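Participant: So the sequence shown is residues -16 to 423, counted in this note's numbering. Have a look at the structure that comes next, please.
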Amino acid sequence: MLHSYPKDLAKLVIKSWNENKVQSAEPTEAEYGTPDQALLETLLSTCYQASLLREETRPIHFRIVFADPESFPVDGGPPFGFHRLEFGTCLPLTAQGLRRLSSAANFPRSLIGVRINKETGPEIWGILHSGPRWLQVLHGGRASSQTLPNVLVVIATGPGNIEVKRGATSLGQLCDGRVFGPSMNVFQARWLQDTLSDVRAERLEIHERSRSEEGAEWAALDPGLTEVIDKHMMKRMIAAVRAFEHGGTLVLLPPNEAAEICHNRDTVSIKYEFAEGEPRARFRTLILSVMKTLAEIGGKKSANSTVGWDDYQRSNDSRISSLDEAIFEVSHLIAALSTADGAVVLTKRFELLGFGAEIHCYASEVDIVAHALDLEGGRVRLESTQNVGTRHRAAYRLSHALPDALVIVISQDGAVQFVKWKNNHVTYWEHQASFSFSTI
-16 MLHSYPKDLA KLVIKSWNEN KVQSAEPTEA EYGTPDQALL ETLLSTCYQA SLLREETRPI
44 HFRIVFADPE SFPVDGGPPF GFHRLEFGTC LPLTAQGLRR LSSAANFPRS LIGVRINKET
104 GPEIWGILHS GPRWLQVLHG GRASSQTLPN VLVVIATGPG NIEVKRGATS LGQLCDGRVF
164 GPSMNVFQAR WLQDTLSDVR AERLEIHERS RSEEGAEWAA LDPGLTEVID KHMMKRMIAA
224 VRAFEHGGTL VLLPPNEAAE ICHNRDTVSI KYEFAEGEPR ARFRTLILSV MKTLAEIGGK
284 KSANSTVGWD DYQRSNDSRI SSLDEAIFEV SHLIAALSTA DGAVVLTKRF ELLGFGAEIH
344 CYASEVDIVA HALDLEGGRV RLESTQNVGT RHRAAYRLSH ALPDALVIVI SQDGAVQFVK
404 WKNNHVTYWE HQASFSFSTI
């Protein structure tokens, strides 16, 4: 196989940049237009070389923002802005310079600021402190975060692993010697939301019944509220599994089939099965409590109002804070269970059935899987399973045997796959990489 290098990534980035032209909400003169290819190749080559180095025994991780310091207010700072710290004298952009700065410009909380000097080329002007809230887009959480302008951002997450963004929009990545298009946030896929839509409708029905029984003046709920909470809960769960650096498998079964599947034990046998009852259904109870509490708070302000995710984010009510923390703890509990040998098994209601599960269904051995190249699986590449590990092969078998199941596989190295039967194939999506909680 021929390997790809920064020059190949630069070509893809310029193509993607032109295809995804977006005007900044507040454009400034300090923002650059489409990158010059030669300059971009130099920048990416330097970042690539830096990513191969080590700072003492530590691997190099960093984020670079390619913009003039004037793009950021002098009085800004986290959690809602950026703290701009300029050096008295700019430094030349070199691989060794990035290595030395990488520990000070701590990956989860800071970026290295780079600009163009018309006489000498790219130079490092300082550090831009962002705080860690930006990670919540990937890791889950209700706190809002600041937004980078539509400037070039380069992220190095490991040796030879480089991702390029325009602000928050992924343009392309170089990983394992191959160039890929924009990383995929599978939580944006419509098929995933459709998979859980019946469960959300069920929650809304329970909520409306409770509202009717109590006869209270509750605000209406935005139908998308629990969808967003589900996403953030799953993001937290995945991030926590990744932080253990052990890997794990999460199996989500259809609620109406789960009891029979677990009883028969021919596809999945759970070693540590939890007793039926309220404790294993805690997540749904917490979500219903969030819905009720938000509706009550909104109803006190105006019975005709509608409350949604923005209200959940902004709420300083102690009950909402406690419920959010409780949801966070359920996510971490599930992640901890994944460190035992075997899969964690839940229903799509996130009812926790047990852990240490062994996946059987050997009659459904899968030799070929479809690798989704877009969010909805419209474009796929058929691949052999010959060289994949035991954990992934088991997930593929289960998806073939139980087409309505959803399997999430987290590798020991932090890679994440969503596996689902779609369009007559076992299909997997590679979820975008992100930094682990354990490093924050």
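Glycine included, each C-beta is placed from N, C-alpha and C at the ideal position. Quick caveat: nothing in here was measured; it's all calculated off a predicted structure.
Taking D51 and R98 to be in contact with their CB atoms under 8 Å, please state how far apart those CB atoms are, rounded to whole angstroms.
Facilitator: 5 Å
Participant: Which of helix, strand or coil does DSSP assign to V57?
Facilitator: Three-state DSSP puts V57 in coil, outside helix and strand.
Participant: Out of E259, D(-9) and P91, point me to the one whose CA is closest to A21's CA.
Facilitator: D(-9)
Participant: Between the alpha carbons of I244 and A203, how many angstroms are there, rounded?
Facilitator: Their backbone Cα atoms lie some 37 Å apart in a straight line.
Participant: With distances taken from CA atoms, which of V211, P91 and F401 is nearest V390?
Facilitator: F401
Participant: If we require 3 or more residues per run, which beta strand (DSSP E) segments fall completely within the segment 305 to 359?
Facilitator: For the segment 305 to 359, the full-length beta strand (DSSP E) segments reaching 3 residues or more read 326 to 330, 335 to 342 and 351 to 355 along the chain.
Participant: Do T276 and R302 have their C-beta atoms closer together than 9 Å?
Facilitator: yes
Participant: For G198, name the three-state secondary structure that DSSP assigns.
Facilitator: Looking at G198 - three-state DSSP - the assignment turns out to be coil, as it is neither helix nor strand.
Participant: Whose CA, out of N287, I253 and D307, lies closest to the CA of R274?
Facilitator: With the sequence shown as reference, residue 274 is identified as Met, and Arg is not the correct amino acid for it. Cα-wise, what sits closest to M274 is D307.
Participant: Excluding five sequence neighbours on each side, which residues of the same chain lie with their C-beta closer than 7 Å to the C-beta of I270?
Facilitator: R186, T209 and I212
Participant: According to DSSP, what are the bridge partners of M435?
Facilitator: The structure shown does not extend to residue 435, since the chain is modelled only from -16 to 423, so the question has no answer here.
Participant: Residue range of the beta strand (DSSP E) that G155 falls in?
Facilitator: T152 to C158
Participant: With a threshold of 6 Å on Cβ separation, who are the neighbours of G114 within its own chain once the five nearest residues in sequence on each side are excluded?
Facilitator: P61, P62 and R92
Participant: Does DSSP put L74 in a helix, in a strand, or in coil?
Facilitator: strand
Participant: Compute the beta-carbon to beta-carbon distance between E106 and L74, rounded to the nearest angstrom, for a pair I have assumed lies under 8 Å.
Facilitator: 6 Å
Participant: With C-beta atoms as the reference, is V136 less than 9 Å away from L27?
Facilitator: Not a contact, by the Cβ cut-off of 9 Å.
Participant: Do you know whose CA, among D205, T103, G282 and A323, lies nearest F227's CA?
Facilitator: The shortest C-alpha separation from F227 is found at A323.
Participant: Reducing DSSP to helix, strand and coil, say where V(-4) ends up.
Facilitator: helix
Participant: Please list, in chain order, all residues of the same chain as W0 whose beta carbon is under 8 Å from its beta carbon, the five residues on each side excluded.
Facilitator: T17, P18, R149 and L154
Participant: Indicate whether the contact test is met: 3 or more Cβ pairs, each with one atom in the segment 190 to 203 and one in the segment 252 to 261, closer than 8 Å.
Facilitator: no
Participant: Is K101 helix, strand or coil by DSSP?
Facilitator: coil
Participant: So which of G360, G64 and N287 has the shortest CA-CA distance to Q171?
Facilitator: Ranking the options by Cα distance to Q171, first place goes to G360.
Participant: What distance in whole Å lies between the Cβ atoms of V327 and I317, which are believed to be in contact at a cut-off of 8 Å?
Facilitator: 6 Å
Participant: Grab the span of the alpha helix (DSSP H) containing A384 for me, first residue to last.
Facilitator: T373 to A384
Participant: Cβ atoms of I310 and M216: under 9 Å apart, would you say?
Facilitator: yes
Participant: To which residues does DSSP link H66 through a beta bridge?
Facilitator: Answer by DSSP bridge pairing, in chain order: H112.
Participant: What residues match up with I107 in a beta bridge as DSSP calls it?
Facilitator: In DSSP, I107 forms a bridge with L74 and V97.
Participant: In this structure, how does DSSP classify K403 when only helix, strand and coil are distinguished?
Facilitator: Here K403 sits in strand by DSSP.
Participant: Mind checking A206: buried by the 16 CB within 10 Å criterion, or exposed?
Facilitator: Sequence check: residue 206 is Pro here, not Ala. Exposed.
Participant: Does the beta-carbon of L(-15) have 16 or more other beta-carbons within 10 angstroms, so that it is buried, or is it exposed?
Facilitator: exposed
Participant: Can you list, in chain order, the residues of its chain with a C-beta nearer than 6 Å to that of Y(-12)? Leave out the 5 residues immediately preceding and following it.
Facilitator: Cβ neighbours of Y(-12) within its own chain (closer than 6 Å, five residues either side excluded): none.
Participant: Starting from G161, follow its DSSP beta bridges and name the residues at the other end.
Facilitator: Looking at the sequence itself, residue 161 is Arg, so the reference to Gly does not match. DSSP output for R161 lists C158 as bridge partner(s).
Participant: Using only alpha-carbon positions, find the residue among V134, Q79 and Q129 that is nearest to G96.
Facilitator: V134
Participant: Give me whichever residues DSSP pairs with Y414 in a beta bridge.
Facilitator: Sequence inspection shows His at residue 414; the Tyr mentioned does not correspond to that position. Answer is M167 and V399.
Participant: From the DSSP output, read off the bridge partner residues of L236.
Facilitator: DSSP, once it has assigned bridges, lists T330 as partnering L236.
Participant: Just to confirm the assignment, what range does the beta strand (DSSP E) spanning S367 have?
Facilitator: V363 to S367
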